[in-house]
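Novice: Handing you a structure now.
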Amino acid sequence: MQRGYDQIVHGVSLQKLPVRFAMDRAGLVGADGATHCGAFDMTFMASLPHMVTMAPSNEAELINMVATCAAIDEAPSCFRFPRGNGLGLDLAQYGITKDLKGTLLESLIFG
1 MQRGYDQIVH
11 GVSLQKLPVR
21 FAMDRAGLVG
31 ADGATHCGAF
41 DMTFMASLPH
51 MVTMAPSNEA
61 ELINMVATCA
71 AIDEAPSCFR
81 FPRGNGLGLD
91 LAQYGITKDL
101 KGTLLESLIF
111 G
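When the count follows full-length UniProt numbering, it moves up by one through the sequence shown with no breaks and lands on 111 for the last residue.
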């Protein structure tokens, strides 16, 4: 994304075009080297005007986000997905979520 960022800003985001971006290698992928890690993709895209950004936490969310991205026709949108294959499991039973509420600052970190 970083090499084409200027084109995304001027050619897509500012014009509010319904372009979809599927960004692979989300997070730090290791074996692909420093030039192929997706550590900054969400920071780049979330700062753009009109851009809808999505980052799934499991396979079920990824499927829904692909459908959501395809359905958005009034703005640019993007979703990220990790390198490699998913486990193919029902992941709804795994993981614990926690709602964070603050008065000054709230931060969400994912990879």
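For glycine and all other residues, C-beta sits at the position ideal for the given N, C-alpha and C. Being a predicted model, the structure only gives us computed values, none of them experimental.
(1) Within this structure, are the beta carbons of Ala55 and Arg83 separated by less than 7 Å?
(2) Which residues in the same chain as Pro49 place their Cβ atom closer than 7 Å to its Cβ, once the five residues preceding and following it in sequence are excluded?
(3) Run through the DSSP bridge pairs and tell me what Cys78 is partnered with.
(4) Under a Cβ-count criterion, where at least 16 other Cβ atoms within 10 Å of its own Cβ denotes burial, should Asp41 be classed as buried or exposed?
(5) Going by the CB atoms, is the gap between Thr43 and Cys78 shorter than 7 Å?
(6) Give me, in chain order, the residues of the same chain whose beta-carbon lies closer than 6 Å to that of Ala67; leave out the 5 immediate sequence neighbours on both sides.
Specialist: The structure says:
(1) no
(2) Ser13 and Leu14
(3) Phe21 and Thr53
(4) buried
(5) no
(6) none
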